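For reference, each letter of the sequence shown is one residue, going -20 to -1, 1 to 448 in mature numbering (1 follows the signal peptide of the UniProt record, and there is no 0). Since the structure comes first, as structure tokens, the remarks are kept for the end.
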Amino acid sequence: MDTLIALCSLLLLLLSQNAAILGQLDSTSSGGSGTGGTPPDRPPTPPLSLQPSTPSITHFVNESFIIFCQTVQKDIDTKWRDPRGQTRENTKGRVHIEKKTTGLLALVFEHIALEDRGNWTCEVNGNRNGNRNVNVEREFLASFELLVNQKISFGKTEQVQSVREGRDAMVNCFVEGMPAPEVSWLYNGEYINTVNSTKHNRLSNGLYIRNVSQADAGEYTCRAMRITPTFSDSDQITILLRIQHKPHWFFNETMPVQYAYVGGAVNLSCDAMGEPPPSFTWLHNNKGIVGFNHRIFVADYGATLQLQMKNASQFGDYKCKVANPLGMLERVIKLRPGPKPLGPRRFQLKKLYTNGFELDIQTPRMSNVSDEMQIYGYRVAYMSDTEFKFSAGNWSYAKQRDFSFHGGKHFIIPHLETNTTYLMRAASRNLAGLSDWSPVKVFTTAAGCSWSPWLYPVYGLVLALVWT
């Protein structure tokens, strides 16, 4: 009896559940709430699109870009918000909005900047009145992500930099770019391995060098490179690194004594290296040099004192003082009187070539003069007849070639023009300077073919036939 009662109760429960389900289905199919009435209010769905329609877009700094927010609704408010959530309402400026037509709002980037990157959102507020006079407001969004790349540049990197010798130093290289590039370094064209190096360390703003010496001077190349899924690029800048140090002489060999004669000229040279480039000062017998009989030619790493010897008071001790903020050097050159060399007694053509001359130049041995002061060579000055006319006979424009007896007594002027007339003169040389110039001679190179012995180290052993 109890079992029968339990089964009846279970059957009644199942019937009631089925009735409820059928009632829900009937209510749904009728489109009402069980009263057979009016459908409920639904949120408006105005069509909204972006043109170009893309979830993200990539541009470089300073490029221009425009995107449109479009809807077919006429009774809605459309606006743009920047990545910081601020509404853009300005119609002028680097980034502004432009209302083109009804339902079309443009966002204009005249020049893209890094600060523009992020999510930009177009918002639409749709207002409709239902048949029950109920105002329903819903907000609809459309957004895109602006990705901004910056081209590689090197900002305020200086292309000439100086560091002090014996100290640690930084070669600055300020690399800019988005995404940030990978930086590597080269020294005089060779790759610098900065991994586990005790000498070099690559930092974000440059190359760190420990205990710099003059051997570290040279060209450092800062190379930036990047590879992304959408593009790859590279750029580089070369930096000249100068090592600051006190002055030192270019040459260890010195000429403590030089010679000149009254009426002649002499050049006293003082060459020293330093960083910063040193200053050069000349003194005569520990006093400043005055008068109009001298000229000083100054370069970054040398100074030449040229004297026109007018009288014997110009002989004496000449001191060259070299200084920069790190140190100073001094060198004394004793200028002593010497004999004026005899001029050439013979100056004539020995051999003729299509593109040169071999000259016969002779000077007798000087009497009552030490072997040290004898003539040791010649200087030949020459110009073509066209050059002579163009310079109005000014021999300061002439080419010059010096000969020393140590190189043998073959006096050849090579590399001349074929079938061309040249004017030439010669002077003897000894330690005191140049002799008076010889009378001017006129020679003309040959036409056709000729033998050119200066093409070989040993004249006369091998000859080459040169056809013009």
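Backbone N, C-alpha and C define an ideal beta-carbon position, used for all residues, glycine too. Bear in mind that the values here come from a model prediction, so they are computed numbers and not experimental data.
On a CA-only basis, which of the options is nearest residue i? Give me that one, please.
i                 : options                           : result
leucine 166       : Arg97, Gly146, Ile189 and Pro394  : Ile189
lysine 179        : Leu248, Ser36, Gly146 and Trp375  : Gly146
alanine 160       : Lys320, Lys131, Asn168 and Asp251 : Lys131
isoleucine 313    : Gln288, Ser177 and Ser249         : Ser249
proline 419       : Ser408, Glu138 and Met404         : Met404
residue 455       : Asn265, Phe327, Ser408 and Gly318 : The structure shown does not extend to residue 455, since the chain is modelled only from -20 to 448, so the question has no answer here.
leucine 329       : Gln342, Val163 and Pro317         : Gln342
serine 408        : Ala372, Asp351, Thr424 and Phe327 : Phe327
valine 360        : Arg74, Trp417, Glu156 and Phe134  : Trp417
glycine 73        : Lys80, Leu87 and Ser371           : Leu87
valine 140        : Ala292, Leu221, Leu187 and Pro257 : Leu221
asparagine 129    : Thr210, Leu84 and Leu85           : Thr210
tyrosine 362      : Val143, Ile217 and Gly336         : Gly336
phenylalanine 231 : Ile219, Gln238, Ser415 and Met253 : Met253
asparagine 152    : Val175, Gly282, Leu187 and Phe370 : Leu187
arginine 316      : Leu332, Glu338 and Met235         : Met235
glutamate 156     : Glu69, Gln194, Ser214 and Ser259  : Ser214
glutamate 255     : Ser347, Gln194 and Asp382         : Gln194
glutamate 80      : Arg61, Thr51 and Leu332           : Looking at the sequence shown, residue 80 is not glutamate but lysine. Measuring from the Cα of lysine 80, the nearest candidate turns out to be Thr51.
threonine 261     : Ser376, Glu69 and Ala279          : Ala279
leucine 332       : Leu94, Val246, His39 and Thr400   : Thr400
phenylalanine 272 : Lys320, Gln31, Asn291 and Asp351  : Asn291
threonine 38      : Asn185, Phe89 and Leu28           : Phe89
isoleucine 46     : Lys369, Asp57, Gln31 and Thr58    : Gln31
serine 29         : Ser123, Ile56, Val41 and Asp57    : Ser123
serine 133        : Asn176, Asn410, Arg64 and Val41   : Val41
valine 163        : Phe423, Ser184, Leu396 and Arg144 : Ser184
glutamate 44      : Gly65, Leu287 and Asp96           : The sequence given here has serine at residue 44, not glutamate. For the residues Gly65, Leu287 and Asp96, the minimum Cα distance to serine 44 belongs to Asp96.
What first and last residue would you give for the alpha helix (DSSP H) that runs through residue i?
i             : result
aspartate 365 : 365 to 370
Assuming residue i contacts residue j (C-beta within less than 8 angstroms), just tell me the rounded distance between them.
i                 : j                 : result
methionine 308    : lysine 301        : 7 angstroms
arginine 203      : serine 212        : In fact, because the Cβ distance is near 14 angstroms, the residues do not count as touching under 8 angstroms.
glutamate 138     : leucine 121       : Their Cβ separation, rounded to whole angstroms, is 49 angstroms, which puts glutamate 138 and leucine 121 out of contact at 8 angstroms.
glycine 323       : methionine 289    : No, glycine 323 and methionine 289 are not in contact; Cβ-Cβ is about 18 angstroms, not under 8 angstroms.
threonine 284     : phenylalanine 295 : Not confirmed; about 18 angstroms, so no contact.
glutamine 216     : leucine 306       : That belief does not hold up - the Cβ atoms of glutamine 216 and leucine 306 are roughly 32 angstroms apart, past 8 angstroms.
glutamate 199     : threonine 218     : 5 angstroms
leucine 85        : isoleucine 77     : 6 angstroms
phenylalanine 385 : glycine 357       : 6 angstroms
lysine 154        : glycine 169       : The question names lysine, but residue 154 in the sequence shown is phenylalanine. That belief does not hold up - the Cβ atoms of phenylalanine 154 and glycine 169 are roughly 22 angstroms apart, past 8 angstroms.
Could you pull the DSSP bridge partners for residue i from this structure?
i                 : result
alanine 412       : For alanine 412, which the question treats as bridged, DSSP gives no partner whatsoever.
phenylalanine 295 : Phenylalanine 295 is not bridged to any residue.
alanine 406       : Val360
valine 422        : Leu403
threonine 51      : Leu28
serine 36         : Glu125
serine 376        : DSSP lists no partner for serine 376.
alanine 240       : Pro317
asparagine 181    : Tyr188
valine 143        : Ile223
glycine 307       : Asn304
arginine 381      : Val360
tryptophan 165    : Cys202
valine 312        : Lys299
Since residue i is in the beta strand (DSSP E), which residue starts that stretch and which ends it?
i              : result
aspartate 351  : Unbroken run through aspartate 351: none, as it is neither H nor E.
aspartate 57   : 56 to 61
isoleucine 172 : Counting along the chain, isoleucine 172 falls outside any beta strand (DSSP E), and DSSP gives it neither H nor E.
proline 159    : From DSSP, proline 159 is part of no beta strand (DSSP E); its letter is neither H nor E.
alanine 149    : 149 to 152
threonine 218  : 212 to 229
serine 388     : Strictly speaking, residue 388 in this sequence is glycine, with serine absent from that position. Where glycine 388 is concerned, there is no enclosing beta strand (DSSP E), given that its DSSP letter is neither H nor E.
threonine 201  : 198 to 207
leucine 339    : 336 to 342
lysine 330     : 326 to 333
Check whether the Cβ of residue i lies closer than 7 angstroms to any heavy atom of the ligand NAP, and answer yes or no.
i             : result
threonine 261 : Only the bare structure without any ligand can be found here, which leaves the ligand NAP out of the picture.
Original post:
Which full runs of the beta strand (DSSP E) of 3+ residues lie inside the region 64 to 141, going along the chain?
Top reply: 75 to 81, 84 to 89, 98 to 109 and 115 to 133
Original post:
Whole beta strand (DSSP E) runs in the region 246 to 288 with 3 or more residues, listed along the chain?
Top reply: 259 to 264, 274 to 279 and 282 to 288
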